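As structure tokens, the structure follows; a few thoughts come after it.
2 protein chains.
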Amino acid sequence: MYELTINLKPGAKIPLYEQIYAYIKEEIRRGRISSGERLPSTRALSRHLDVSRSTVELAYEQLLSEGYIEAQPYRGYFAAQIDGLYRIERQTSSRKPAVSKETKKYSYDFTPNGVDLNSFPYNAWRKLSRESLVEDQAELFRLGCPQGEAGLRNVISSYLHQARGVECLPEQIIVGAGNDYLMMLLCAILGTGHKVALENPTYRQAYRLFANLSCEVCTVDMDAKGMKADELERSGADIAFVMPSHQYPLGTVMPIRRRMELLQWAEKEEGRYIIEDDYDSEFRYKGKPIPALQGYDRNGKVIYIGTFSKSIAPAIRMSYLVLPEAVHERYRERCGFISSTVSRIDQMILQKFIEEGYYERHLNKMRALYRSRHDTLLAELKKLGCGFDISGENAGVHLLLHFRDGRSEEELISLASEKGVKVYGLSGYYVDGPRTADETVILLGYANMREEKIKEAVSLLGEAWF
Amino acid sequence: MYELTINLKPGAKIPLYEQIYAYIKEEIRRGRISSGERLPSTRALSRHLDVSRSTVELAYEQLLSEGYIEAQPYRGYFAAQIDGLYRIERQTSSRKPAVSKETKKYSYDFTPNGVDLNSFPYNAWRKLSRESLVEDQAELFRLGCPQGEAGLRNVISSYLHQARGVECLPEQIIVGAGNDYLMMLLCAILGTGHKVALENPTYRQAYRLFANLSCEVCTVDMDAKGMKADELERSGADIAFVMPSHQYPLGTVMPIRRRMELLQWAEKEEGRYIIEDDYDSEFRYKGKPIPALQGYDRNGKVIYIGTFSKSIAPAIRMSYLVLPEAVHERYRERCGFISSTVSRIDQMILQKFIEEGYYERHLNKMRALYRSRHDTLLAELKKLGCGFDISGENAGVHLLLHFRDGRSEEELISLASEKGVKVYGLSGYYVDGPRTADETVILLGYANMREEKIKEAVSLLGEAWF
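Structure (structure tokens):
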């Protein structure tokens, strides 16, 4: 087979790789590419179609995973014998798909969970990864320290001290493959019989994790300063899960006074702990820096959790816990034997990334980038006039719009959607229904949207809503 | 500072990196390298001392993690102000060290958990890792599918079918960062209220995991065929954890008849499951290949767990579960939202590694290597005469010596230790004390020992024991 001449539509709502995938699948189904025929290499096809190689690779991967094509070592990709596929298709049909695919495609997506991945420091990461994979580095492939490598924990500890006012020794740090895993680990460390209080609204992933992992959970309402300490006391919880630097989703930055009240709550009884999730503290636009709650803690009451998902990329899967001494003791007794979930090679890459100054530069670059998107979004929103109030804009990578004109969240989302703009409602973050019936709140995340896009999208929102 | 001329002793029992580390630490402590002074680069020092660069890096890492030196981006390593270290040392002293270090150094170590890491396919891995870190591959840095990438699950599913007789769709596979993590996940999926039966002796890590993660655990004795099905029935357990391909530590290969009995046990009641840990099934020396238990299962009773730790390297941290439909349903309900613990880049590297035929070649190479070590060890042991029986030698990377001369495990280990040979006793693998008082069993792992070393070590064992 020479080439596939596919009539690609670059402006279409269907991504290029899906167009390629659909075309080839159809060709194979109809027998126009016959079983055993060799497909063009990804390199050749990408050149031929003038698309990036990864686009073709994604299409081939999809075809591979559905069995339409087969990969042969050193030889390339071949159209499969598709009779054999029927069995698989029958078997599959009885299951619901593991990940439900979004059907509607949007031109603009204000996802509050975005990270700008075009800024990922490919060159540095590639260089460090090459350096780490050195022939005589056999030691690196042995199972490492369950808590994570000493070198990495050391640089994280200095970073936390300098950047976040977190006081800890490398010994207190546990590196793990993402916040979800570390939360599972924390549940295993703390054991059963705890009641965890979360803010309402909150990061639902955390709520579901605690609820499904043998913890009792409850929610505590927030005021403008964060979780209400008196309500926390009444809740009967012994563990409070909070996000003081930038509450998700409300964007509240907890003032020092409230932080102290929470610490006092924890100190009142033995066994009470605060879990401080500092997920996106790297990005702050206004006001003085407030050190992490952990930095004020003198009695070992704060369990700190931080991540590189927001500041580098979600897919690198590295987060860390900082455990106070008593909890660390429990960790060693109950879970110290559990192997680390992060490969030592990846740990070494990250260590070098921080040590050699790449992380600092990357953070500065991302701060500037997000700040300018933040400023653009605010400026554009202000142009729209005064149909809403803005909150949560002092930190993080999303903000909130409050409407009091009686229109529902659903209505606003659907109006935006008609213009091709995806926005998000706050109600989904409430665990047992929103507290205020008199306002409708929309979330706009801007991490993953360029400034021109922001301008276009806000202007469309103006048309949609006013 | 120009160079450090360290009088290294390559034959000494202290590893080179420790010698370098100790030398520099002492120099800094005594003020002969003064605070702020720049150390030679790792490249320069390794050339100067004629050691590998990674050796110097390990030494520097240790010094860094203890605060004797500091790393400055682009500038290199500098001796630290060591006054500042006192506080840290004081604080540290109140804690026990996180990982206790083995003090005695052995010239020969028959660890049953070894993997030959010198055979790690550096070139292929480096090449694939370079290919995966492509500039326009931003998609790769987004959070992927919680179960693992479809492409990787697809190649694992074909591999399992061909190599292990495991029947599964890619949808049933969950990729995770190591067996420990997947076991934690499995506990979260199954929920509380289960009773897990493990073989006795068993892989203690699994026992501790289940015991610490809100499961009731019990042990069931083994006969020469594996876990006794009638005793399993009497135990009241609803989950059986077994290693049919090569029981750890006994090395038993479970015959088909016993596999069927276990499946019948599981089918007798709804909610009963068998967890099949197929940790080192890749290595087999004798007899016909027996497909995995999962391959015989017609009623969705077997939860299969496999790993690349033994066949590639422990540090790459990739294992997988194959869930029967009902368990997969529970997974989606209870844990489907938990993010994957393996980075997409690593998943893509592994996928390409398998797809492009590297894995097959690597496995063949390792099989030949381990087989020749296995044969050498058996031949050498036979030369020693008949003071013991050998078992567990048909598969895996370790075997067992049975002594019936009244000497204790402790005695045999200590005699070997005096000759610089580390061997392992079986009793540590029993959960509640060994069953047979009339024999003493020693484990010898050979994965990580070259043939000359095996010959030397066995000859020393002969001197020590007979």
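Residue numbers (the working numbering), protein chains in the order written: chain A, -6 to 459; chain Z, -6 to 459. The C-beta atom is built at its ideal place from N, Cα and C for all residues, glycine as well. None of these values were measured; they are calculated from a predicted model.
- Any Cβ of chain Z closer than 9 Å to the Cβ of A/Ala52 would place that residue at the interface, and such an atom is absent.
- Here A/His391 is near A/Phe103, since their CB atoms are less than 9 Å apart.
- As summarised for the region 91 to 172 of chain Z, the continuous alpha helix (DSSP H) elements at least 4 residues long and confined to that stretch are 115 to 125 and 143 to 152, given in chain order.
- Per DSSP, the unbroken beta strand (DSSP E) holding A/Gln65 starts and ends at Ile62 to Gln65.
- Taking a cut-off of 8 Å for Cβ pairs, the region 186 to 198 of chain Z and the region 333 to 346 of chain Z do not touch, as fewer than three such pairs fall below it.
- Nearest to Z/Ser151 by C-alpha distance, out of Z/Gln344, Z/Tyr115, Z/Gly29 and Z/Arg46, is Z/Gln344.
- Here the alpha carbon of Z/Glu160 sits roughly 30 Å from the alpha carbon of Z/Asp109.
- Considering only beta carbons, the part of the region 325 to 336 of chain A lying closer than 8 Å to chain Z consists of Arg325, Arg327, Cys328, Gly329, Phe330, Ile331, Ser332, Ser333, Thr334, Val335 and Ser336, in chain order.
- Spatial neighbours of A/Ile26 in its own chain (CB-CB distance under 6 Å, excluding positions within 5 residues in sequence) are listed in chain order as Glu20 and Ala72.
- Of the candidates Z/Ile7, Z/Leu153, Z/Gly438 and Z/Ala37, Z/Gly438 places its Cα closest to the Cα of Z/Leu370.
- Within chain Z, Thr185 and Ser207 have C-beta atoms less than 9 Å from the C-beta of A/Thr185, given in sequence order.
- Closer than 7 Å at the C-beta level to chain A, one finds these residues of the region 96 to 121 of chain Z: Leu110, Asn111, Phe113, Tyr115, Trp118 and Arg119.
- The alpha helix (DSSP H) runs lying completely inside the region 197 to 270 of chain A and spanning 4 residues or more are 197 to 205, 222 to 228 and 249 to 261, given in chain order.
- For A/Gln198, the neighbours in chain Z by C-beta distance under 7 Å run, in chain order, Phe330.
- Counting along the chain, Z/Val416 sits inside no alpha helix (DSSP H), nor does DSSP assign it H or E at all.
- Here Z/Pro237 is near Z/Arg252, since their CB atoms are less than 9 Å apart.
- Closer than 9 Å to the CB of A/Asp173 there is at least one CB belonging to chain Z.
- Three or more beta-carbon pairs separated by less than 8 Å link the region 395 to 415 of chain A to the region 365 to 381 of chain A, which places the two stretches in contact.
- Residues of the region 151 to 177 of chain A with a C-beta less than 7 Å from any C-beta of chain Z: Leu162, Pro163, Glu164, Ala170, Gly171, Asp173, Tyr174 and Met177, listed in chain order.
- Distance check between Z/Ile268 and each of Z/Asp43, Z/His187 and Z/Leu362 places Z/His187 closest, using alpha-carbon atoms only.
- Among the CB atoms of chain Z, none fall inside 9 Å of the CB of A/Ala5.
- Annotation: Z/Glu349 to Z/Met176 spans about 30 Å, alpha carbon to alpha carbon.
- For the options A/Gln140, A/Glu124, A/Ala440 and A/Ala143, the alpha carbon positioned closest to that of A/Ala306 is the one of A/Ala440.
- Residue state for Z/Phe71 is assigned as strand, using DSSP reduced to three classes.
- Annotated as proximal: A/Tyr289 and A/Ile249, with beta-carbon spacing under 9 Å.
- With 16 or more other CB atoms across the displayed protein chains lying within 10 angstroms of its CB, A/Lys303 is buried.
- Within 9 Å of the CB of Z/Pro66, the CB atoms of chain A belong to Glu348, Glu349, Gly350, Tyr351, Glu353 and Arg354, in sequence order along the chain.
- Taken atom to atom, the span from the alpha-carbon of A/Glu373 to that of A/Ile17 is near 43 Å.
- Contact check between the region 255 to 271 of chain A and the region 213 to 230 of chain A: three or more CB pairs, one atom from each, fall below 8 Å, which counts as touching.
- Remark: C-beta atoms of A/Tyr324 and A/Ile182 approach each other more closely than 9 Å.
- Against chain A, a Cβ distance below 8 Å from Z/Arg201 picks out Phe330.
- At a cut-off of 9 Å between C-beta atoms, A/Asp339 counts as an interface residue with respect to chain Z.
- In chain order, Ala308 make up the part of chain A whose C-beta sits under 8 Å from the C-beta of Z/Gly137.
- Beta-carbon to beta-carbon, Z/Arg366 and Z/Ile447 are separated by about 6 Å, close enough to satisfy the 8 Å threshold.
- Counting only residues of its own chain and dropping the five nearest sequence neighbours on each side, Z/Lys412 has a CB closer than 8 Å to the CB of Leu453, Leu454, Glu456 and Ala457.
- For A/Arg68, the closest C-alpha among the options A/Glu11, A/Thr35 and A/Asp43 is that of A/Thr35.
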